[in-house]
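*Asks:* Residue numbers (this note's numbering), protein chains in the order written: chain A, 1 to 343; chain B, 1 to 343. Take a look at the following structure, please.
Number of protein chains: 2
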Amino acid sequence: MTGQETEIKDLGEFGLIERLTKEFPITNKETKLGVGDDAAVLTFGEKDVLVTTDLLLEGIHFDLRYVPLQHLGYKSAIVNFSDIYAMNGTPRQITVSIGVSSRFTVEHIEQLYAGIRKACEIYGVDLVGGDTSASVTGLVISITCMGDVASGEEVRRSGAKPTDIICVSGDLGAAFMGLQLLERENSVAAGQKDFQPDFSGKEYILERQLKPEARRDVITKLKEKGIKPTSMIDVSDGLSSELLHICKESGVGCRVYEDKIPIDYQTAFMAEEFNMNLVTAAMNGGEDYELLFTVSLTDHEKIEKIEGIKMIGYITEQGLGAALVTRDGGEIPIKAQGWNAFN
Amino acid sequence: MTGQETEIKDLGEFGLIERLTKEFPITNKETKLGVGDDAAVLTFGEKDVLVTTDLLLEGIHFDLRYVPLQHLGYKSAIVNFSDIYAMNGTPRQITVSIGVSSRFTVEHIEQLYAGIRKACEIYGVDLVGGDTSASVTGLVISITCMGDVASGEEVRRSGAKPTDIICVSGDLGAAFMGLQLLERENSVAAGQKDFQPDFSGKEYILERQLKPEARRDVITKLKEKGIKPTSMIDVSDGLSSELLHICKESGVGCRVYEDKIPIDYQTAFMAEEFNMNLVTAAMNGGEDYELLFTVSLTDHEKIEKIEGIKMIGYITEQGLGAALVTRDGGEIPIKAQGWNAFN
Chain A
1 MTGQETEIKD
11 LGEFGLIERL
21 TKEFPITNKE
31 TKLGVGDDAA
41 VLTFGEKDVL
51 VTTDLLLEGI
61 HFDLRYVPLQ
71 HLGYKSAIVN
81 FSDIYAMNGT
91 PRQITVSIGV
101 SSRFTVEHIE
111 QLYAGIRKAC
121 EIYGVDLVGG
131 DTSASVTGLV
141 ISITCMGDVA
151 SGEEVRRSGA
161 KPTDIICVSG
171 DLGAAFMGLQ
181 LLERENSVAA
191 GQKDFQPDFS
201 GKEYILERQL
211 KPEARRDVIT
221 KLKEKGIKPT
231 SMIDVSDGLS
241 SELLHICKES
251 GVGCRVYEDK
261 IPIDYQTAFM
271 AEEFNMNLVT
281 AAMNGGEDYE
291 LLFTVSLTDH
301 EKIEKIEGIK
311 MIGYITEQGL
321 GAALVTRDGG
331 EIPIKAQGWN
341 AFN
Chain B
1 MTGQETEIKD
11 LGEFGLIERL
21 TKEFPITNKE
31 TKLGVGDDAA
41 VLTFGEKDVL
51 VTTDLLLEGI
61 HFDLRYVPLQ
71 HLGYKSAIVN
81 FSDIYAMNGT
91 PRQITVSIGV
101 SSRFTVEHIE
111 QLYAGIRKAC
121 EIYGVDLVGG
131 DTSASVTGLV
141 ISITCMGDVA
151 SGEEVRRSGA
161 KPTDIICVSG
171 DLGAAFMGLQ
181 LLERENSVAA
191 GQKDFQPDFS
201 GKEYILERQL
211 KPEARRDVIT
221 KLKEKGIKPT
231 SMIDVSDGLS
241 SELLHICKES
251 GVGCRVYEDK
261 IPIDYQTAFM
271 AEEFNMNLVT
281 AAMNGGEDYE
291 LLFTVSLTDH
301 EKIEKIEGIK
311 MIGYITEQGL
321 GAALVTRDGG
331 EIPIKAQGWN
341 AFN
C-alpha cells in the first residue's frame, strides 16, 4: 500500500458503507431502492426472482499473499453471477457484507470494492445493500445475488433424462492448476528477498484462478439457438461433484468420456510439470465457473454449431451409476472429490 | 454438549447442508424452489421484493460464553425480519450462510439451526438457500432475508416531514442492560467453579438481549388502524443513531422528550445497580429491535389508541437539528453513540 491510509475505525461503519457504495450506480429498472435503508426494494412484475449466496473466508477460500484484493472482489461477485446464469437467469442485484480485521485499511477495502464494482459494471448488476463489520481475524465476504428469469424458464439440476447429452462450456482444470502454480511460487518466494516469480506462458491458468468470468455468453447463445437445457449447474467444486449433483437431483446416471473433457494446453503443460494426473485435475479441480448442462438428444445438431461448447457424454438410467469412460473403453465410477472446505 | 457428536468434516459440506436444512418446511406460495440448486426461485407477481442482510461474527456480535447457540440462531433470523418489518413489509424467505471452525460439532450447528427454524416457524419464513464453510477461527453467520410489500406501500427512512409525530414501540435500553448483566456475571464466574449466577427478577432484560422479537404485531396494528408511517426504521444500533438516520435521509430535524422515552422498570433498576445514566442506556444501547417511526400529525388520535406505542417527540425543520429535550426543558444535541463494530 502507498499513499495516505485511513483506519476503518476513524470512518465508522456508516462512514465506511457510504464511502464504499457511493460510486455504484443503479442501472436496472427493477431496482427501486438501493443501499441506505433497512432493506432494498426490487420489483419484478411478471418475472421470477432468483437468489443465491456465497460466503468467502480468508484462510479457507482465499490467500491474500497471492490474491490481489481487486481480483478477489471481482471473483467474489462473479461466483454469484455464475450461480444465477446456471439457473438460466440474469443477475440483477447483489448485497455485499464484509467483516474486516484491524490490519485492513479503508484503502484495502476500497480495492476489494473496486473489483466488485467492475464485475457489476460488466455484468449489469446493481449493488443494493449489505452489512459491514469488524472481525476478530481476517476478511469475511458474504455476497447474495438476486436475479430474474421469465416464469417457468429456470433450469434446475433436476431435469436431466436418460439419453440427454451432457455438455460443458470452455475448458476445465485451469483454475486449479493456476492455484497450484500460485502456491508453489509463493512457497518458493518465502524467505527470498526480491523474488520475482516467472509467470510467462502461464497467463491463462493464472487468470482462470484469479479473475474468472461467469458464462453469460453461453446462456445468450443457447437462447439464440432456441435451446433450453434440461438441467444445468455451474462448475465450482469440480466436474465430478457437479455431475453427481445433476445425477442425484435428476434421479439418473451418466457416462462421461475422458477424451472429450476440454482441457487447455497450459493446463496440460502445468499438470505435467507438477507430475499430476491431468484428468483428475480436470474432474476434481473446481473453480472453473463453466456451465455444465444437459440437452435433449434432438438438440444435438444445434449444440454442435455453438463454438466453445463440448459434448462430453450422456445421461443414463439411474441404475447404471455415474462413470468416466477411459480412453481404453474401461469405466471408472465417478466420486465426489471436489473441494471440501471442511477437509 | 452431551451425547454422540459428529465432526463436521465427517459429513462434508453437502452432508451438513442436507442435515441442517431437511427439517425446514416450505410454507410460502411465493417460494417456488428452495435449498438444493444454484439459486432459490421466488415469485411475487404484483408485489415488490425487499432484501436485507446481516453479518454476525463471533467475538464481535456475540460471545458464546453466555449466548446459547439456539438463542443465537433465533436472534440472527429475527434481526433480519425486523429490517423487513421496518420497511412495512412481510419477511418471506431467508438464506443462511455459516462459517464454522473445528471446535464446533454438527450438534452445535444443529442447535443454531434449531433457533433459526423456530424463528422461521413463528414468523412464517422459508429457508431457501445458503452456503456452509469451514472457518479458521470462530463462527460466522450471514443471513439474507427477502420479503414482499404491495407496490408503493414500503416505508422508507426518508419520508419524515416537519410536524410529524415520532413514535416508538415497546421500551428501550433493556437489551443493552441485559448484555451488561451477562457480561458482569460472566466475569464474576470466571475462575469460580460451580458458580451459579442469580438472574431472578431480571428475566425481562435477559430475554430482550438473548431472544428478542421482531415487531410484526406493530405493523399489523398500524395497518388495522389505517396508519401508514411517513418514515420507519428498526432500533438496532440505538435510538440516537436511528433518529439521526431518519433526520439525515428525510432532510429534517427532531425534538425527542427525555421523559417520554419508554423504559421498563427492570432496565431502570439495573442501570441504578450499575450506576449508569438511564437515558444514555435507552438512547444509545441498541439491539432493542423496536420500531421507530413517524406519522402525520393527523394520525395523532389513532396512534394514541394503540397500546404499546409511545409518542416521544416531533419532527422539525432541518436547521433546528436533532435534540433531546431534558426534563428541565433544556436541549442536548443528539449524537450517534450507537454501537460501532469498529471501535
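For every residue, glycine included, the Cβ atom is placed at its ideal position computed from N, Cα and C.
Judging by CA-CA distance, which residue of A:Gly129, A:Glu46 and A:Leu72 is the nearest neighbour of Gly115 of chain A?
*Replies:* Numbered from 1 along the first sequence, position 115 holds the residue referred to as residue 115 of chain A. Minimum Cα distance to Gly115 of chain A is reached at A:Leu72.
*Asks:* Strictly by DSSP, which residues pair up with Arg255 of chain B?
*Replies:* On the second sequence, residue 255 of chain B is found 255 positions in, with the first residue counted as 1. Its beta-bridge partners are B:Tyr314 and B:Ala323.
*Asks:* Give me the Cβ distance between Ala174 of chain B and Asp234 of chain B, rounded to the nearest whole Å; I'm assuming they're in contact under 8 Å.
*Replies:* As a working mapping, residue 174 of chain B is identified with position 174 in the second sequence. As a working mapping, residue 234 of chain B is identified with position 234 in the second sequence. Wrong, their Cβ atoms sit about 15 Å apart, outside the cutoff.
*Asks:* Can you tell me whether Phe176 of chain A is helix, strand or coil according to DSSP?
*Replies:* Translated into the one-based positions of the first sequence, residue 176 of chain A becomes position 176. Of the three classes helix, strand and coil, the one that applies to Phe176 of chain A here is helix, per DSSP.
*Asks:* For Thr294 of chain B and Pro229 of chain B, I'd like the C-alpha separation in whole angstroms.
*Replies:* The count along the second sequence starts at 1 and reaches residue 294 of chain B at position 294. The count along the second sequence starts at 1 and reaches residue 229 of chain B at position 229. Straight-line Cα distance between these residues: approximately 6 Å.
*Asks:* Report the residues of the region 43-57 of chain A with a CB closer than 9 Å to any CB of chain B, ordered along the chain.
*Replies:* Listed in sequence order: Thr43, Phe44, Gly45, Glu46, Lys47, Asp48, Val49, Leu50, Val51, Thr52, Thr53, Asp54, Leu55, Leu56 and Leu57.
*Asks:* May I have the straight-line CA-CA distance separating Ser236 of chain A from Gly152 of chain A, to the nearest angstrom?
*Replies:* As a first step, residue 236 of chain A is located in the first sequence; it is residue number 236 there, counting from the start. As a first step, residue 152 of chain A is located in the first sequence; it is residue number 152 there, counting from the start. Ser236 of chain A and Gly152 of chain A: Cα-Cα distance of roughly 25 Å.
*Asks:* Please check the pair Leu112 of chain B and Val35 of chain B, which I expect to be a contact at CB under 8 Å, by giving their CB distance rounded to whole angstroms.
*Replies:* Translated into the one-based positions of the second sequence, residue 112 of chain B becomes position 112. Translated into the one-based positions of the second sequence, residue 35 of chain B becomes position 35. Actually they do not touch by this definition, with Cβ atoms about 16 Å apart.
*Asks:* Please classify Ser158 of chain A: does DSSP put it in a helix, a strand, or coil?
*Replies:* Residue 158 of chain A sits at position 158 when you count from the first residue of the first sequence. Coil.
*Asks:* Mind listing which residues of the region 147-172 of chain B have their C-beta closer than 8 Å to chain A's C-betas, in chain order?
*Replies:* Those would be Gly147, Val149, Ser151, Glu154, Arg156, Arg157 and Ser158, in chain order.
*Asks:* Can you tell me whether DSSP reads Glu331 of chain B as helix, strand or coil?
*Replies:* For the purposes of this step, residue 331 of chain B is identified with residue 331 of the second sequence, where counting begins at 1. In this structure, Glu331 of chain B counts as strand in the three-state DSSP scheme.
*Asks:* Confirm, please, whether the CB-CB distance from Ile165 of chain B to Tyr66 of chain B is below 7 Å.
*Replies:* For this step, residue 66 of chain B is matched to residue 66 along the second sequence. For this step, residue 165 of chain B is matched to residue 165 along the second sequence. In this structure, Ile165 of chain B does not lie closer than 7 Å to Tyr66 of chain B by Cβ.
*Asks:* What does the alpha-carbon distance come out to for the pair Glu46 of chain A and Ala86 of chain B?
*Replies:* Along the first sequence, one-based indexing puts residue 46 of chain A at 46. Along the second sequence, one-based indexing puts residue 86 of chain B at 86. C-alpha separation (whole angstroms): 26 Å.
*Asks:* Report the residue ranges of all alpha helix (DSSP H) runs contained in full by the region 190-260 of chain B; include only those spanning at least 4 residues, in chain order.
*Replies:* Qualifying alpha helix (DSSP H) stretches, in chain order: 203-210, 216-224 and 239-250.
*Asks:* Between which two residues does the beta strand (DSSP E) containing Leu291 of chain B stretch?
*Replies:* Translated into the one-based positions of the second sequence, residue 291 of chain B becomes position 291. Where Leu291 of chain B is concerned, the enclosing beta strand (DSSP E) stretches over Leu291 to Val295.
*Asks:* I'd like to confirm the pairing. Which residues does DSSP put opposite Asp54 of chain B in its beta bridges?
*Replies:* Here residue 54 of chain B refers to the residue found at position 54 of the second sequence. B:Ile143, per the DSSP bridge assignment.
*Asks:* Comparing the C-beta of Ser231 of chain B with each C-beta of chain A, is any distance below 7 Å?
*Replies:* Looking up residue 231 of chain B in the second sequence gives position 231. Answer no: the Cβ-Cβ gap between Ser231 of chain B and chain A never drops below 7 Å.
*Asks:* So for Thr31 of chain B, helix, strand or coil by DSSP?
*Replies:* Counted from its first residue, the second sequence places residue 31 of chain B at position 31. Thr31 of chain B falls in the strand class under three-state DSSP.
*Asks:* Do you know offhand how far Glu5 of chain A's Cα is from Ile109 of chain A's?
*Replies:* Locating residue 5 of chain A in the first sequence gives position 5, counting from the first residue. Locating residue 109 of chain A in the first sequence gives position 109, counting from the first residue. Approximately 11 Å, taken between the alpha carbons.
*Asks:* Could you pull out every residue in the same chain whose Cβ sits closer than 8 Å to the Cβ of Glu154 of chain B, ignoring the five residues on either side in sequence?
*Replies:* Looking up residue 154 of chain B in the second sequence gives position 154. Around Glu154 of chain B: Asp48, Leu50, Met87, Asn88 and Gly89.
*Asks:* Check whether chain B comes within 7 Å of Gly59 of chain A, counting only Cβ atoms and requiring the distance to be less than that.
*Replies:* Mapped onto the first sequence, residue 59 of chain A falls at position 59. At least one chain B Cβ lies under 7 Å of Gly59 of chain A.
*Asks:* Taking DSSP as the reference, what is the three-state secondary structure of Asp10 of chain B?
*Replies:* Taking the first residue of the second sequence as position 1, residue 10 of chain B is located at position 10. Of the three classes helix, strand and coil, the one that applies to Asp10 of chain B here is helix, per DSSP.
*Asks:* Give me, in chain order, the residues of the same chain whose beta-carbon lies closer than 7 Å to that of Gly321 of chain A; leave out the 5 immediate sequence neighbours on both sides.
*Replies:* In the first sequence, the residue the question calls residue 321 of chain A occupies position 321. Around Gly321 of chain A: Gly253 and Pro333.
*Asks:* Would you grab the beta carbon distance between Ser135 of chain A and Ile141 of chain B for me? Rounded to a whole angstrom, and I think it's under 8 Å.
*Replies:* Indexing the first sequence from 1 puts residue 135 of chain A at position 135. Indexing the second sequence from 1 puts residue 141 of chain B at position 141. Going by Cβ atoms, the distance from Ser135 of chain A to Ile141 of chain B rounds to 12 Å, so no, they are not a contact pair.
*Asks:* State the Cα-Cα distance for the pair Pro351 of chain A and Tyr123 of chain B, rounded to the nearest angstrom.
*Replies:* Look at the range of chain A in this structure, 1 to 343, and you will see that residue 351 of chain A is not part of it.
*Asks:* Could you check the C-alpha separation between Lys260 of chain B and Lys310 of chain B for me, to the nearest Å?
*Replies:* In the second sequence, residue 260 of chain B corresponds to position 260, counting from 1. In the second sequence, residue 310 of chain B corresponds to position 310, counting from 1. Each residue's alpha carbon lies about 7 Å from the other.
*Asks:* Measure the beta-carbon distance from Arg157 of chain B to Asp10 of chain A and round it to whole angstroms, keeping in mind my assumption that it falls under 8 Å.
*Replies:* Within the second sequence, the letter at position 157 stands for residue 157 of chain B. Within the first sequence, the letter at position 10 stands for residue 10 of chain A. So it is not a contact: roughly 25 Å between Cβ atoms.
*Asks:* Let me check one thing: in DSSP terms, what residues is Cys167 of chain B bridge-paired to?
*Replies:* The count along the second sequence starts at 1 and reaches residue 167 of chain B at position 167. According to DSSP, Cys167 of chain B bridges with B:Phe293 and B:Met311.
*Asks:* Take Val100 of chain B and list the residues in its own chain whose beta-carbon comes closer than 7 Å to its own, dropping the five residues that flank it on each side.
*Replies:* Taking the first residue of the second sequence as 1, we reach residue 100 of chain B at position 100. Excluding residues within five positions, the ones whose Cβ falls inside 7 Å are Ile8, Ile109, Ala134, Ser135 and Leu139.
*Asks:* Under 7 Å, Cβ to Cβ, is there at least one residue of chain A near Met87 of chain B?
*Replies:* The residue you call residue 87 of chain B lines up with position 87 of the second sequence. At least one chain A Cβ lies under 7 Å of Met87 of chain B.
*Asks:* Am I right that Arg117 of chain B and Ser169 of chain B are in contact with their C-beta atoms under 8 Å? What's the rounded C-beta distance?
*Replies:* Numbered from 1 along the second sequence, position 117 holds the residue referred to as residue 117 of chain B. Numbered from 1 along the second sequence, position 169 holds the residue referred to as residue 169 of chain B. Actually they are not in contact, since the Cβ atoms of Arg117 of chain B and Ser169 of chain B sit about 26 Å apart, beyond 8 Å.
*Asks:* Taking the alpha carbon of Gly201 of chain B as the point to measure from, which residue in B:Gly178, B:Ile219 and B:Thr326 has its own alpha carbon closest?
*Replies:* Translated into the one-based positions of the second sequence, residue 201 of chain B becomes position 201. Taking only the C-alpha atoms, the option nearest Gly201 of chain B is B:Gly178.
*Asks:* The alpha helix (DSSP H) that contains Asp126 of chain A, what's its start and end?
*Replies:* In the first sequence, residue 126 of chain A corresponds to position 126, counting from 1. From DSSP, Asp126 of chain A is part of no alpha helix (DSSP H) but of the beta strand (DSSP E) over Asp126 to Ala134.
*Asks:* List the DSSP bridge partners of Leu42 of chain B.
*Replies:* Looking up residue 42 of chain B in the second sequence gives position 42. Looking at the DSSP assignment, Leu42 of chain B forms a beta bridge with A:Val49 and B:Thr31.
*Asks:* Is the CB of Gly99 of chain B under 7 Å away from at least one CB in chain A?
*Replies:* For this step, residue 99 of chain B is matched to residue 99 along the second sequence. Chain A contact via Cβ: present.
*Asks:* Leaving out five residues on either side along the sequence, give the residues of the same chain with a beta carbon under 7 Å from the beta carbon of Ser231 of chain B.
*Replies:* Counting from 1 along the second sequence, the entry for residue 231 of chain B is found at position 231. Taken in chain order, the residues that qualify are Val155, Arg156, Arg157, Ser158, Gly159, Ala160, Ile246, Ser250, Phe293 and Thr294.
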